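A quick write-up on the structure given underneath.
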Amino acid sequence: MTARIIDGKALSATIKAEVAKRVEQLKEAGTTPGLAVVLVGEDAASQVYVRNKIAACEKAGLHSRNIHLAIDAPEEQLLDVVRDLNRDDTIHGILVQLPLPAHMNAARVIETISAQKDVDGFHVSNAGRLMTGRPLFRPCTPYGIMKMLESEKVVLRGAEAVIVGASNIVGKPMALLLLAAGATITLCNTKTRDLAAQTRRADVLVVATGKPGMITGDMIKPGAVIIDVGINRRADGKLTGDVDFESASQVASAITPVPGGVGPMTIAMLLVNTVEAAERNAATLV
Ligand code: GUN
């Protein structure tokens with residue numbers, strides 16, 4: 002079997018075009034949706050992600066603000082920036098790019114973001130809402146993956162879904178979204194014994210570990226749908242995922258590429274969440 006490629010770039014373009022229409026409607030009604038992206042330090046990968054997010058905003062007609070703090074900025078300075086953005090009526094979404102430098106308490110920073118502007122969906126209140134089935138903002142990467150599975154018409158009700166990687170950003174919210182869609186969830190972590198025994202049961206396998214090529218074709222059930230969240234830079238400068246594409250695509254029925262799979266979807270869903278925040282805000286003003 003040679004797997005079908007799930008084209009995240011194409012699907013994200015469709016979603017971004019829909020966002021652009023909603024932005025137009027909001028503008029006609031007097032609101033320009035605004036996203037603030039805050040970056041602390043000089044991490045090369047984070048700089049690329051932030052640049053891509055700002056560029057996507059501009060293309061879809063959103064207003065964006067890019068705030069850059071020095072790597073040694075005190076946490077209180079970042080908290081003040083967030084508090085100012087909370088009060089700013091032109092900003093509907095606030096994103097603080099992670100990871101933060103070690104001297105900062107990421108949980109405290111995220112808790113300071115207004116839950117109504119937390120377009121990442123990382124605030125405890127939004128995490129709790131997701132867990133109890135009343136999400137306000139779904140975290141962008143798992144949300145984008147759900148859109149990909151939907152567009153591929155993958156049947157989730159009763160399916161075995163295995164997630165490798167249990168982060169707050171991807172693994173845990175992914176498990177909740179798949180659970181809500183009726184899948185049976187296995188959430189693996191770094192201590193999981195005999196990982197291959199788990200991954201081989203998966204009808205849908207989501208991998209978010211940051212370990213290049215760790216999932217190989219022999220760890221995959223024939224016909225499975227493979228979602229590769231990893232974005233790793235190889236020694237030759239090329240990007241590669243957490244799944245060994247070569248061997249996995251011989252066994253899977255469908256697979257996301259890296260680049261051009263999950264990455265573009267994350268950005269598209271950030272725009273969706275920001276427009277939703279602006280729409281909700283506009284609705285409270287009428
Ligand atoms: N770092 C890696 N992914 C993300 C994300 O989705 N949001 C933020 N804020 N930081 C990240």
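Counting from 1, position 33 in the sequence shown corresponds to residue 34 in this note's numbering; the numbering is continuous, with no gaps.
Ideal Cβ positions, reconstructed from N, Cα and C, are used throughout, including at glycine.
Please read all numbers here as calculations on a predicted model, not as lab measurements.
- Note on geometry: alpha-carbon atoms of residue 74 and residue 90 lie some 25 Å from one another.
- In this structure, the ligand GUN has a non-hydrogen atom nearer than 6 Å to the beta-carbon of residue 98.
- Secondary structure at residue 219: helix, using DSSP grouped into helix, strand and coil.
- Straight across, the Cα-Cα distance linking residue 179 with residue 276 is about 24 Å.
- Contact between the region 210-227 and the region 248-257 is present, with at least three C-beta pairs closer than 8 Å.
- The ligand GUN has no heavy atom closer than 6 Å to the beta-carbon of residue 189.
- Note that the C-beta distance between residue 210 and residue 245 is not below 7 Å.
- A Cβ-Cβ contact shorter than 7 Å links residue 4 with residue 253.
- Distances from the CB of residue 221 to the heavy atoms of the ligand GUN are all 6 Å or more.
- Remark: the shortest separation between the CB of residue 121 and any heavy atom of the ligand GUN falls under 6 Å.
- By the Cβ rule, the region 15-30 does not count as touching the region 158-167, because fewer than three pairs are nearer than 8 Å.
- In this model, residue 57 and residue 187 are separated by some 34 Å (Cα to Cα).
- Look at the beta carbons and you see the region 145-160 touching the region 10-22: at least three pairs across the two are nearer than 8 Å.
- With a threshold of 6 Å, the Cβ atom of residue 58 does not count as near the ligand GUN, since no heavy atom of the ligand is closer than that.
- DSSP places residue 115 outside both helix and strand once states are collapsed to three, so it counts as coil.
- Comparing alpha-carbon positions, the option among 191, 225, 238 lying closest to residue 215 turns out to be 191.
- In the three-state DSSP reduction, residue 106 falls in the coil class, being neither helix nor strand.
- In this structure, the C-beta of residue 92 stays at least 6 Å away from each heavy atom of the ligand GUN.
- The three-state reading of DSSP puts residue 37 in strand, counting E and B together.
- Here residue 84 carries a helix assignment [DSSP, helix/strand/coil].
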